[in-house]
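Undergrad: Dropping a structure here in structure tokens format, bear with me for questions.
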Amino acid sequence: MKLRERVGLNVRNLRSSRGLSQEQLALAADVDRSYISEIELAKNSASIDVLERIALALEIDPQELLNKRG
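What the sequence shown shows, in full-length UniProt numbering, is residues 1 to 70, in sequence order.
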């Protein structure tokens with residue numbers, strides 16, 4: 001699995017586990033909702049700055065977005 005795919009799955013799983021919609025996460029992270037969708041679908045790779053904002057919105061350490069889930 002490519003890192004981009006892993007990040008996308010982690011964003012989706014963490015967002016869903018917190019009961020957030022893509023729109024809610026996008027607003028909290030100050031990005032467009034379509035960009036969250038593209039990240040989750042591994043169609044776009046996020047910058048370090050965007051990953052940091054997403055992590056803050058999810059109240060996690062940014063490293064969790066890169067972790068393998070098993």
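Virtual Cβ for every residue (Gly too), placed ideally from N, Cα, C. Owing to the predicted nature of the structure, the values given are computational and were not obtained by experimental measurement.
If you scan the UniProt domain "HTH cro/C1-type" (11 to 65) from start to end, which runs of the alpha helix (DSSP H) of 4 or more residues do you find wholly inside it?
TA: Correct list: 22 to 29, 33 to 40 and 48 to 58.
Undergrad: Near Asn13, which residues of its chain fall below 6 angstroms by C-beta distance, leaving aside the five closest residues on each side in sequence?
TA: Your numbering for residue 13 matches position 13 in the sequence shown. Within the same chain, Asn13 has no close Cβ partners at all.
Undergrad: Considering only residues of the same chain and omitting the five flanking positions on each side of Pro62, which have a CB-CB separation below 7 angstroms?
TA: Along the sequence shown, one-based indexing puts residue 62 at 62. Excluding sequence neighbours, Pro62 sits near Leu51, Glu52 and Ala55.
Undergrad: Helix, strand or coil for Arg4 per DSSP?
TA: What you label residue 4 is simply residue 4 of the sequence shown in a count that begins at 1. Note: Arg4 maps to helix in three-state DSSP.
Undergrad: When the distance is taken between beta carbons, is Ala46 closer than 9 angstroms to Ile39?
TA: Counting from one through the sequence shown, the residue named residue 39 turns up at place 39. Counting from one through the sequence shown, the residue named residue 46 turns up at place 46. Cβ distance < 9 angstroms, so Ile39 and Ala46 count as in contact.
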